[in-house]
Amino acid sequence: MEPVAPPTLDERDVILTPPPPVRRILVDREPNVVPPGPGRPNGAAPSTPSTLTATRRPDASPGPKIERMRADDVSIAYGDKEAVSDVTVPVRQGEVLALIGPSGCGKTTLLRSFNRLVEITPTASRTGVISLDGEDVDSMEVTALRRRVSMVFQQPNPFPMSVFDNVAYALREQGSRRPGKEELIDPVADALERAGLWDEVGDTLDHPALRLSGGQQQRLCIARALAARPEVLLLDEPCSALDPRSTQVIEELILRLRDEVAVVIVTHNMQQALRIADHVGFMYLGELVEYGPADQVFGAPREIRTREYVGGAFG
Amino acid sequence: MLGAVACLVLVLIAGMVIFVFAKAWPSFAHNGLAWFGSGGDVDLQFEDIYNSPANPDEYVYELRAWPLLWGTFLITAGAVAIGLTFALFAAIFIVEFAPAQVNRILEPVVRLLAAVPSVVYGLIGILVLVPFVADHLLSQERKESVNYVVQLDGSGLMVGILILTVMITPIMVAIVVDALRAVPRSWIEGASALGANRWRVMWTIAVRTARPAIVAAAVLATARALGEAIMLSMVAGSASFAPNPLDGLTFFFEPTRPLASALVENVEGLTVVPLGQTLYAFAAILLVTSMALSLGGWAAKQPMRKYGVRP
Amino acid sequence: MSAAATAIATSPRDSVENWPLLDRVGYYAAWTAGVALIVVAATIVIYLAIKGAQYFDLGMFTESPTADIDQSKSGGFKDPLLGTILLTVMATAIAAPIGVAIAVWLTEYGRPAWLARAVESGIEVVAGTPSIVLAIFGLLVFQQQALGFLSFEAEGNAVFGRSFIAAATMMSLIALPLVVGGTREALHAIPGHVREASYALGKTKAATIRRVLLPAARPGIGTGTALGMGRVAGDTAIVIVLLGATLQIQRGSDGLFGLFRGTGSTMTSYVFFNSPAGEGNAPEKAYLAAFVLLIVVMILNFAITRIARGRQVSWSR
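Chains as they are written, first to last, in the numbering used here: chain A, 36 to 350; chain B, -16 to 294; chain C, 420 to 736.
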């Protein structure tokens, strides 16, 4: 059987062939999600609490989405070993892009190339073009790029400083003039508010960040990433080290954020991708096997490999 | 049985402290607290002690050791301050900015500098630097201006601090490099991902985390500097003089004699009882200070244990 | 958007020119510090090499120094060279077994815990003690009547207290912390399952240490010992105080023990003696001797790196 070529960008919205009736576990609207915990995190204005549990996720606001970032034919290799081959994928504001796939498929490497973090590894090399708002990221100062494209890591990694200093870090270290504390209070409070952490730490901003719980630390890292008002937010399996309760809080947070920033999230948890993604890219052994709206990739996948992964045949 | 061997170390230290202090006691007893004060020419006092009559009741113990203590302080503090700054920047260079080929040269270089014997440093100092200072940096007027008090011959505070800095910097570089490398990678990556440039990441995250090790390095370097007798006796000056900061630039050329050097230079006179006891008094002070510093350095390194840096 | 296929191998790091002023100052300061270290080391080595070559004389290695205050006439440094070698060997022979024993006790036994911590800090204290203080203390010890057999006994029952064995014993204290450190690191690096495997085969703890752990730790022990030897070879204070300051080796009595009881000098005291700080009449000889010392130290350093590099034993199969 001939492998189906991945669709080009123009055909994205057209489903070419009717899907075979393979196990459609994920199509039905049954709640396959974590039920809400006893109390809601205080202060976080819940966007649509009830719909979150009943349906997959609230639909993104309608209308054409601006394309913020784009990878074109990107290939990344560590020495001789190729980690990502010929990936083309857009990142749009107002929606969440989820990269899914089994371990070692290259999704984290692709994510880290968006903010040129791959360069830190000495043996890494990359071909292809990554652009931010049309500008080639290689032609920018890497520090300027990282101000606009922020990242949150898998393990929460708050610095050994106070909560305030953590959130203010990006604002302090990105410019030549060191802003005074009074100037920083507003952006810090705003970032903590958007991350849903203000009510929990608003009084204790000078306490060491390492004393927070795991979920709080990760939200702190998100606040830290948001403080400088980035345009794109990259999340590398942000909930994999957290308990379900914190996971839910962070997922709601991501949904709230998606209108202001373009969100790319790497996750190996398909249910999570189902819950929050608008577009999904499935990667396998370095290739972008399938890309499309979440409904289509999960409900009516075109590739055999996608079908098998989504159906749980391997992982 | 192995435990007994291990305990020998503690027995040895206890023995050292007890016996050295026992021998040193008469010198302290005779002078009281004035031992640490100033008054008179220390070199002349040494002579008097050396020439004291053979009768134990007539032993001369008079000593005002302030010039020696002040000289020790100046040289040690100067060398540690300059050396620590140097070592910090050199360590940052090694860990972050040096190209790989440069590091391949630099790391053996640091080890080599740490291993050069102190007498070799002293030889270069006394045969090259001291004459250079005497001929090119010391003007005739300057020499004459203090002629009535002390001779300026090139050996003095400046050369002493300079060479001592070169001697202790490699030790500090090694300790700080280990500590900077032990900083968790996740913090370095997180800070880079937030848009901080490489210098900022080093300075605000790595150096801040490695602070305990920097303190430990300074403490250990101080202990080493205090105990340096041979090199300093060759280059730091030929008189037990207390350099006077109020002398302006001349301050840097004035000779001085730190405690350890005074010990080494008078060691032939050990057979004369009162001089011997005075020298043991010096040894006692050096022993106590180095013990305090070693223990302090060991304690300061303990917080870095959680990053896997072996104290 | 054209898909440019140009390979971008490790894109250029962020350019320093755009950094804020203070950051640039820090960057250049770091470069200066690193380069300065290399320059200083190169200057020392090159200068000594030039002077050493200038005054090179093969006869220096084979002639004994003349028993004369004024060294500039004739005489080489054969005796001081032998003195350095003898002293280093003796001090290492004392320090190595004791150091390994202490390190083994600290890592493999170490009970009660407060005692282990005390011994650990004790080793640090010994490491930090100035060598001149160790020398003075050594004099105190070896001048006791009971230890008179270890050096000369002069008329009137005054014990001289200065001999090779006196100096070597105190020198071993300088090497001891380095041996302990190297051995401990090596033992720590051996993972627990190796010990467990040995016990599971029925071996006692002592046998495990002797047959399994110590052989595996040999590179680390070697590194520590070589470091110790380097420090011993370079020390001057103990030599001046405890070796009797005779230019030629004088035996105290016959045979090997007579040599140990005797006095002599080493390359370090020879350099000191011939510099303006000593009698000062032969700077050429001092330069050559200093150069030889430097070569010895560099060789030892090189040996250390070689031993350390061979230490990459992989424990997981």
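C-beta atoms are modelled at their ideal positions from N, C-alpha and C, and glycine is treated no differently.
All of these numbers come straight from a predicted model, not from anything done at the bench.
Contacts around residue i, its chain only, beta-carbon distance under 7 Å, and the 5 residues preceding and following it disregarded
| i | result |
| --- | --- |
| P257(B) | I32, S35, Y42, V43 and Y44 |
| S78(B) | The question names Ser, but residue 78(B) in the sequence shown is Val. Same-chain partners within the cutoff: V160, L163 and R164. |
| A656(C) | S550, I551 and A554 |
| D498(C) | S483, P484, L666, Q667, I668, G683 and S684 |
| G66(B) | T148, I151, T152, M155 and A204 |
Beta-carbon proximity of residue i to residue j, cut-off 9 Å
| i | j | result |
| --- | --- | --- |
| G129(A) | A348(A) | no |
| L566(C) | Y263(B) | no |
| V198(A) | T143(A) | no |
| I364(C) | L96(B) | Past the edges of chain C, shown from 420 to 736, lies residue 364(C), and the structure says nothing about it. |
| G139(B) | F115(B) | no |
| E172(B) | F194(A) | no |
| V598(C) | V545(C) | no |
| L316(A) | V124(A) | Going by the sequence as given, residue 316(A) is Gly instead of Leu. Yes, Cβ-Cβ distance for G316(A) and V124(A) is below 9 Å. |
| A608(C) | F76(B) | no |
| L(-7)(B) | A537(C) | yes |
| M590(C) | T507(C) | yes |
Boundaries (first-last residue) of the alpha helix (DSSP H) holding residue i
| i | result |
| --- | --- |
| V299(A) | No alpha helix (DSSP H) holds V299(A); the beta strand (DSSP E) holding it covers A297 to V301. |
| G54(B) | W49 to I75 |
| P638(C) | R637 to G653 |
| P100(B) | P100(B) -> no alpha helix (DSSP H), and no H or E assigned at all. |
| S281(A) | P279 to L292 |
| I339(A) | I339 to V345 |
| A275(B) | V256 to K284 |
| L140(B) | L140 to R164 |
Where the beta strand (DSSP E) containing residue i begins and where it ends
| i | result |
| --- | --- |
| H314(A) | H314 to Y319 |
| L525(C) | Segment: none, L525(C) is in no beta strand (DSSP E) and carries neither H nor E. |
| R103(A) | E102 to Y113 |
| M217(B) | Per DSSP, M217(B) belongs to no beta strand (DSSP E); it is in the alpha helix (DSSP H), I213 to V218. |
| V324(A) | E322 to P328 |
Spatially closest choice to residue i from the options, by CA coordinates
| i | options | result |
| --- | --- | --- |
| V296(B) | V133(B), A204(B), A62(B) and F76(B) | Because chain B here runs from -16 to 294, residue 296(B) falls outside it and cannot be looked at. |
| G541(C) | R168(B), P238(B) and A(-3)(B) | A(-3)(B) |
| T503(C) | P702(C), A619(C), V711(C) and N437(C) | V711(C) |
| Y474(C) | I521(C), G557(C), V715(C) and P702(C) | P702(C) |
| A594(C) | G547(C), G611(C) and D673(C) | G547(C) |
| L505(C) | V523(C), I457(C) and S582(C) | S582(C) |
| E30(B) | S277(B), G259(B) and M287(B) | G259(B) |
| A189(B) | H119(B), F72(B) and N227(B) | F72(B) |
| T152(B) | A204(B), N86(B), P228(B) and L276(B) | A204(B) |
| F234(B) | N38(B), G22(B), D118(B) and Q134(B) | Q134(B) |
| G580(C) | R680(C), E527(C), S672(C) and V631(C) | R680(C) |
For residue j and residue i, the rounded distance between their alpha carbons
| i | j | result |
| --- | --- | --- |
| Q331(A) | R151(A) | 30 Å |
| R183(A) | A176(B) | 10 Å |
| R125(B) | I659(C) | 36 Å |
| A605(C) | L89(B) | 25 Å |
| R530(C) | H612(C) | 21 Å |
| V92(B) | A449(C) | 16 Å |
| C(-10)(B) | A283(B) | 24 Å |
| Y466(C) | V523(C) | 43 Å |
| A133(A) | I300(A) | 5 Å |
| W438(C) | A179(B) | 10 Å |
| H13(B) | L46(B) | 9 Å |
| P695(C) | A205(A) | 59 Å |
| M150(B) | I714(C) | 18 Å |
| S148(A) | E543(C) | 48 Å |
| A83(B) | P157(A) | 11 Å |
| V247(B) | D26(B) | 14 Å |
| V454(C) | E102(A) | 48 Å |
Beta-carbon contacts of residue i that lie in its chain and below 6 Å, excluding the five residues immediately before and after
| i | result |
| --- | --- |
| E338(A) | V324 and E325 |
| R105(A) | P125 and S166 |
| G54(B) | T239, R240 and P241 |
| I60(A) | Bear in mind that a pLDDT of 47 at I60(A), under 50, signals an unreliable position, so the model cannot answer this. |
| T162(A) | S110 |
Same chain, Cβ closer than 8 Å to residue i, five either side skipped, listed in chain order
| i | result |
| --- | --- |
| P265(A) | R182, R183, V184, S185 and V296 |
| F80(B) | R181 |
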